[in-house]
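**Student:** One point on numbering: in this note's numbering, the residue at position 21 of the sequence shown is 92, and numbering is uninterrupted.
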Amino acid sequence: MDSVALITIADLLADDVTPTATHEPNLADFFDAARPVDDDGELLAVTAALLRLRNTVDHALARGAATIERVGLPARKHVRSAVGILTELGAAPAVAYRAARLGRACGDTTVGAVTRGMRDGAVSAELGDAVVTGLDHVDDRAVLSEDDRSRVLHSLLVQTTPARVKEKAHAWAIRLAPATGDDGQVPVAERDDLNAMTLDRTDDGRVAVTVDLDVVAGEELSAALDPLTRPVPEPDGSEDKRSAKRRRADAFTHIVRTFLSHSDRPESGGVLPHVTLTVPAAVVADGRLVDAVARPEGDQSVRLPRADLDADVTGVPSLGFSGPVSARTAELVMCDASVALALLDEHGVPLNVGREKRLFPPGLRKALAIRDHGCAFPGCGLPPSWCDAHHAEHWENGGPTCLDNGVLLCRRHHTLIHHGGWQVFIGHDRHPWFVPPADPDHPKQRTEPIPSNSRRTLTLLPGAA
Numbered sequence: 072m073d074s075v076a077l078i079t080i081a082d083l084l085a086d087d088v089t090p091t092a093t094h095e096p097n098l099a100d101f102f103d104a105a106r107p108v109d110d111d112g113e114l115l116a117v118t119a120a121l122l123r124l125r126n127t128v129d130h131a132l133a134r135g136a137a138t139i140e141r142v143g144l145p146a147r148k149h150v151r152s153a154v155g156i157l158t159e160l161g162a163a164p165a166v167a168y169r170a171a172r173l174g175r176a177c178g179d180t181t182v183g184a185v186t187r188g189m190r191d192g193a194v195s196a197e198l199g200d201a202v203v204t205g206l207d208h209v210d211d212r213a214v215l216s217e218d219d220r221s222r223v224l225h226s227l228l229v230q231t232t233p234a235r236v237k238e239k240a241h242a243w244a245i246r247l248a249p250a251t252g253d254d255g256q257v258p259v260a261e262r263d264d265l266n267a268m269t270l271d272r273t274d275d276g277r278v279a280v281t282v283d284l285d286v287v288a289g290e291e292l293s294a295a296l297d298p299l300t301r302p303v304p305e306p307d308g309s310e311d312k313r314s315a316k317r318r319r320a321d322a323f324t325h326i327v328r329t330f331l332s333h334s335d336r337p338e339s340g341g342v343l344p345h346v347t348l349t350v351p352a353a354v355v356a357d358g359r360l361v362d363a364v365a366r367p368e369g370d371q372s373v374r375l376p377r378a379d380l381d382a383d384v385t386g387v388p389s390l391g392f393s394g395p396v397s398a399r400t401a402e403l404v405m406c407d408a409s410v411a412l413a414l415l416d417e418h419g420v421p422l423n424v425g426r427e428k429r430l431f432p433p434g435l436r437k438a439l440a441i442r443d444h445g446c447a448f449p450g451c452g453l454p455p456s457w458c459d460a461h462h463a464e465h466w467e468n469g470g471p472t473c474l475d476n477g478v479l480l481c482r483r484h485h486t487l488i489h490h491g492g493w494q495v496f497i498g499h500d501r502h503p504w505f506v507p508p509a510d511p512d513h514p515k516q517r518t519e520p521i522p523s524n525s526r527r528t529l530t531l532l533p534g535a536a
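#1: Could you tell me the boundaries of the beta strand (DSSP E) in which CYS177 lies?
#2: DSSP three-state call for HIS325: helix, strand or coil?
#3: In or out: ASN266 buried (at least 16 other Cβ within 10 Å) or exposed?
#4: Just the C-alpha distance for ALA171 and THR158, rounded to the nearest angstrom, thanks.
#5: What is the DSSP secondary structure of HIS149, reduced to helix, strand or coil?
#6: For the segment 149-166 against the segment 216-231, do three or more pairs of beta-carbon atoms, one drawn from each stretch, fall closer than 8 Å, so that the two count as touching?
#7: For the beta strand (DSSP E) containing TRP504, name the first residue and the last one.
#8: Rounded to whole angstroms, what's the CA-CA distance from ALA320 to SER523? Just pull it up for me.
#9: Quick one: what's got a C-beta closer than 7 Å to GLY341's C-beta in the same chain, skipping five residues either side?
#10: Here's a check: name, in chain order, each residue in its chain whose Cβ is nearer than 6 Å to the Cβ of ASP283, leaving out the five neighbours to either side.
#11: Tell me which residues share the same chain as HIS484 and place their Cβ nearer than 7 Å to its Cβ, disregarding the 5 neighbours each side in the sequence.
#12: If contact is defined by three or more beta carbon pairs under 8 Å, each pair taking one atom from either stretch, is the segment 201-212 in contact with the segment 236-252?
#13: List the whole-angstrom C-beta distance separating HIS465 from GLU402, where the pair is believed to meet the contact cut-off of C-beta under 8 Å.
#14: Between HIS499 and ARG526, how many whole angstroms is the CB-CB distance? I'm expecting something under 8 Å.
#15: Would a C-beta distance cut-off of 8 Å place LEU480 and ASP510 closer than the cut-off?
#16: Give the straight-line distance between the Cα atoms of MET189 and ASP103, rounded to the nearest whole angstrom.
#17: By the 10 Å Cβ neighbour count, where 16 or more other Cβ atoms means buried, how is PHE505 classified, buried or exposed?
#18: If you draw a straight line from the C-alpha of THR79 to the C-alpha of ASP210, how long is it?
#19: Looking at THR349: is its Cβ nearer than 8 Å to the Cβ of SER309?
#20: Looking at the secondary structure, which residues open and close the beta strand (DSSP E) in which ARG272 lies?
#21: Can you tell me whether THR186 is helix, strand or coil according to DSSP?
#22: What is the C-beta distance between PRO233 and LEU198, in whole angstroms, given that I count them as a contact (C-beta under 8 Å)?
#23: If you count every other CB in all the chains shown that lies within 10 Å of the CB of ARG169, and 16 or more means buried, which is it?
#24: Between the C-alpha atoms of CYS473 and VAL287, what's the straight-line distance to the nearest angstrom?
#25: Considering only the alpha carbon of each residue, which of GLY491, SER456 and SER397 lies closest to LEU299?
#26: Applying the 10 Å Cβ sphere with the 16-neighbour rule, what's the burial state of ASP200?
#27: Please determine, among ASP311, LEU296, ALA116 and ARG482, the residue with the shortest C-alpha to C-alpha distance to PRO302.
#28: Looking only at C-alpha atoms, which of THR273, GLU290, ARG436 and THR269 sits nearest to VAL280?
#29: Quick one: is the Cβ of ASP103 within less than 7 Å of any heavy atom of the ligand MN?
#30: Any idea what DSSP makes of GLY434, helix, strand or coil?
#31: Is the beta carbon of ALA137 closer than 8 Å to that of GLY112?
#32: Applying the criterion that 16 or more other CB atoms from any shown protein chain within 10 Å of the CB defines a buried residue, is PRO351 buried or exposed?
#33: Once the 5 residues before and after PRO304 are set aside, which same chain residues still bring their CB inside 7 Å of it?
#34: Within 10 angstroms of the Cβ of ALA120, are there 16 or more other Cβ atoms? Answer buried if so, exposed if not.
#35: Over the uninterrupted beta strand (DSSP E) stretch that includes GLY477, give me the two end residues.
#36: Out of LEU228, ALA213 and LEU227, which one is the CA nearest neighbour of ALA244?
As structure tokens, this is what we get:
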């Protein structure tokens, strides 16, 4: 079968799932007209056949990726690997990387059961990839005999989901790995050559991080996180509502920000690593960042002007690694960080690139620390070294960088100011005051300002300092 035959098959299937005006009997017509109970058996059979077809096609794609590598096509196309070829042809990066991994597995006779299962349509690409990856995980941690390897492979292959395969592989690795350093072998728990970290973009734009560390590095990480993960009471004195997972994530991001704030960090590409924020000139109005799509107050729906329906959607602030962010998050990033700010014209060309700088210099931060004694948010009080310096009147709106416009906030409460509806202002006493969001049940009820954490007293009188 050559490319012409494959194209013909693809066209036939595409035609079969395309509705026709004459309602000719095809797959599309069956899906539209299927009746409960009466067509259950046929519907299940069709779905099973489609899944088998998908699995077989994924196996063929993996073989194709392996052949692309074998004949040296990437070099002739000036890309690094078969992954580059597949992504240029329209495959999602995750699909391309998986096809390349499975393509390499097709040449490994020890995992023949996996590739045969995919070829016959019984094993999906996701499950096959999980089995191959899981077997590698066990191989890295234990020397397997041929019989042991066969047992492990079979036990992984009969799992129902990739997540179960991963769990089973980890269990095998623990069971088979040497527990002590007999015969000069380093215990698996102490091998730093097995350390691994991945950063993956999720479908909703977040970043998923997984880390696998040796016991010493894990101990160091735990020691660094421990003092940063303690619960912090809410402003009303109630317990911290964050889960343990959330507190660990907050602690980890604090460690990263602390690293970026020091000038003795190693260089990246000849410059100190820093957050890069690009802002299209079109989203800047009177020196202020604005959301790309305006909404009436309280309206969560999006209504694009007709002229914007076919427009490029790049006209939003964007971070160097993570991509587009809202105007509110851009303001948060700009508030207190080592930031290189680039203003772009309508063609994406920089109009100017601001110099990397810390908006509050060390002297001012010391003054803020003396006044606020740490996070000023009511009920918090985390140490000054854990805090951002926030502009009460936003810097991009012309707010000055001075003691009477600054307030120390930990990142949790800094985010709450930008995203949670809280407001902060510097009062006549030159101290921060906080205004909570309006009560949705009593939107017209006046909310009393709350003094900063360092000026709270035991009196219950409103506005007491």
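Using N, Cα and C, we set each Cβ at its ideal position, and we do this for glycine too. On a predicted model such as this, the values are computed, not experimentally measured, just so you know.
**Tutor:** The relevant details are as follows:
#1: First-last for CYS177: 164-177, but that is the alpha helix (DSSP H), not the beta strand (DSSP E).
#2: helix
#3: With fewer than 16 Cβ atoms within 10 Å of its Cβ, ASN266 is classed as exposed.
#4: 11 Å
#5: coil
#6: no
#7: 503-506
#8: ALA320 and SER523 have their C-alpha atoms spaced approximately 26 Å apart.
#9: Residue confidence is low: GLY341 scores 45 on pLDDT, short of 50, so the model does not pin down where it sits. Its coordinate-derived value is still stated next. Excluding positions up to five away in sequence, the list is empty.
#10: Once the five neighbours on either side are set aside, the close Cβ partners of ASP283 are ALA267.
#11: Excluding residues up to 5 positions away in sequence, CYS446, PHE448 and CYS451 lie with their Cβ nearer than 7 Å to the Cβ of HIS484 in the same chain.
#12: Yes: the two stretches touch, three or more of their Cβ pairs being nearer than 8 Å.
#13: Sure, about 6 Å apart at Cβ, within 8 Å.
#14: Their Cβ separation, rounded to whole angstroms, is 13 Å, which puts HIS499 and ARG526 out of contact at 8 Å.
#15: Not in contact: LEU480 and ASP510 (Cβ atoms no closer than 8 Å).
#16: Put simply, the backbone Cα of MET189 is about 30 Å away from that of ASP103.
#17: buried
#18: 42 Å
#19: no
#20: Counting along the chain, the beta strand (DSSP E) containing ARG272 begins and ends at 267-272.
#21: helix
#22: 6 Å
#23: ARG169 should be labelled buried.
#24: 43 Å
#25: Closest option to LEU299, judged by alpha-carbon separation, among GLY491, SER456 and SER397: SER456.
#26: Around the C-beta of ASP200, 16 or more other C-beta atoms lie within 10 Å, and the residue is accordingly described as buried.
#27: From the listed residues ASP311, LEU296, ALA116 and ARG482, the smallest Cα separation to PRO302 is found for ASP311.
#28: Nearest option by C-alpha distance: THR269.
#29: Of the ligands one can find in the structure shown there are none, so the ligand MN has no counterpart to examine.
#30: helix
#31: no
#32: buried
#33: GLU310, ASP311 and GLY450
#34: When all chains shown are included, ALA120 counts as exposed.
#35: 477-481
#36: ALA213
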